[in-house]
Structure formats: structure tokens, C-alpha cells
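Novice: Take 106 as the starting number for the sequence shown in my numbering and just add one per residue. From the three backbone atoms N, C-alpha and C, an ideal C-beta is built for every residue, glycine too.
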Amino acid sequence: LRLSVPFGPSAVRKFVQLRFQGREYYPSPVLQDYLYHLNAQPGCGEFVLPALLDSTVHARDPLGKRVALLKAPVLFLHGEYDWVRDCTGKELQRTNPEHFRVLQLPSCGHQLFVENPKAFAAVVAKELHS
């Protein structure tokens, strides 16, 4: 993708079109541009993935084990069409509902802040002021 300039943005749009074809949820053009720019930059994030994920692409040190130790209240935000399951947040919420909460934002997948920035900002602002 880094070498595909000036065809990179259209290549990402085509990939997204094929990947989400026929599904109820379809990422916005803003997310498509975000994905292009995220991947067109010099490598950084992909170098850390092997340290974070095992060969089956599951977390080496799952978040649920670590976040359960936090003393502060925790809010898990999850997109309506998120590819990551929200079971960790729901399990923590079930075991300690005063400490852990899970909210699902509508009309977005995993990149909440890009796909539904107004809902994301409203939830974050409300949480910071409560």
C-alpha cells in the first residue's frame, strides 16, 4: 500500500467495498481514508502486533485480566457492528456492575471515534463530567 501512491486510496476503497459487500454495515468514506493514511505511513503499529498477539491473533495478555485490577470505574465502549466481541466487558460488568459498564454506540464498528464521532464525543464528555 505504501508503494501504491497515487492508487492507494482507491485500492483501499475497493478492498472495503469487497470486504463489506452485502452487509448491513458499511464503513464511511472517512473511515476508508483513515485506513489508507494509517497504512500508508512508515511502519510502526504492525511491528508491535507480534508482541501483543499470539499466532491465532488472540491477545497474549488479555485485557480482562488486567483491567479487573483497576480501582477506578471503567466504561467499555463497543460499536454496534464491532468485529471484537464485547464479552469481556459484559462479564466484568456482570461480576461488578458498580465498577464496570458497557455501552454500545450505534452505527459504527471498531473505530468508534471515526465512524460515529458525535456519539463517541457525547459519551466521553458525559462520563468525564459525571
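Can you tell which of L174, V172, L154 and L175 has the C-alpha that lies nearest to the C-alpha of R165?
Specialist: Mapped onto the sequence shown, residue 165 falls at position 60. Cα-wise, what sits closest to R165 is L154.
Novice: Taking the alpha helix (DSSP H) that R118 belongs to, which residues open and close that run?
Specialist: The count along the sequence shown starts at 1 and reaches residue 118 at position 13. Run containing R118: G113 to F125, per the alpha helix (DSSP H) assignment.
Novice: May I ask which residues mark the beginning and end of the beta strand (DSSP E) holding L210?
Specialist: Here residue 210 refers to the residue found at position 105 when the sequence shown is read from its first residue. Where L210 is concerned, the enclosing beta strand (DSSP E) stretches over F205 to L210.
Novice: Please state the DSSP three-state secondary structure of A164.
Specialist: Within the sequence shown, numbered from 1, the residue matching residue 164 stands at position 59. A164: strand per DSSP, three-state reduction.
Novice: Could you tell me if F152 is buried or exposed, where buried requires 16 or more neighbouring beta carbons within 10 angstroms of its beta carbon?
Specialist: Locating residue 152 in the sequence shown gives position 47, where the first residue counts as 1. With fewer than 16 Cβ atoms within 10 Å of its Cβ, F152 is classed as exposed.
Novice: Pull up the distance between the alpha-carbon of P178 and that of R190, whole angstroms please.
Specialist: Taking the first residue of the sequence shown as 1, we reach residue 178 at position 73. Taking the first residue of the sequence shown as 1, we reach residue 190 at position 85. Cα-Cα distance, rounded: 21 Å.
Novice: Could you compute how far the alpha carbon of R118 sits from the alpha carbon of Q209?
Specialist: As a first step, residue 118 must be located in the sequence shown, where it is residue number 13. As a first step, residue 209 must be located in the sequence shown, where it is residue number 104. Roughly 26 Å separates the two Cα atoms.
Novice: According to DSSP, is V189 part of a helix, a strand, or is it coil?
Specialist: As a working note, residue 189 is residue 84 in the sequence shown. Three-state result, V189: coil.
Novice: Does H234 come out as helix, strand or coil in the three-state DSSP assignment?
Specialist: Working through the sequence shown from its first residue, we reach residue 234 at position 129. Reduced to three states, the DSSP call for H234 is helix.
Novice: Measure the beta-carbon distance from E220 to P132 and round it to whole angstroms, keeping in mind my assumption that it falls under 8 Å.
Specialist: Position 115 of the sequence shown, counted from the start, is the residue given in the question as residue 220. Position 27 of the sequence shown, counted from the start, is the residue given in the question as residue 132. The Cβ separation is near 7 Å, so the contact holds.
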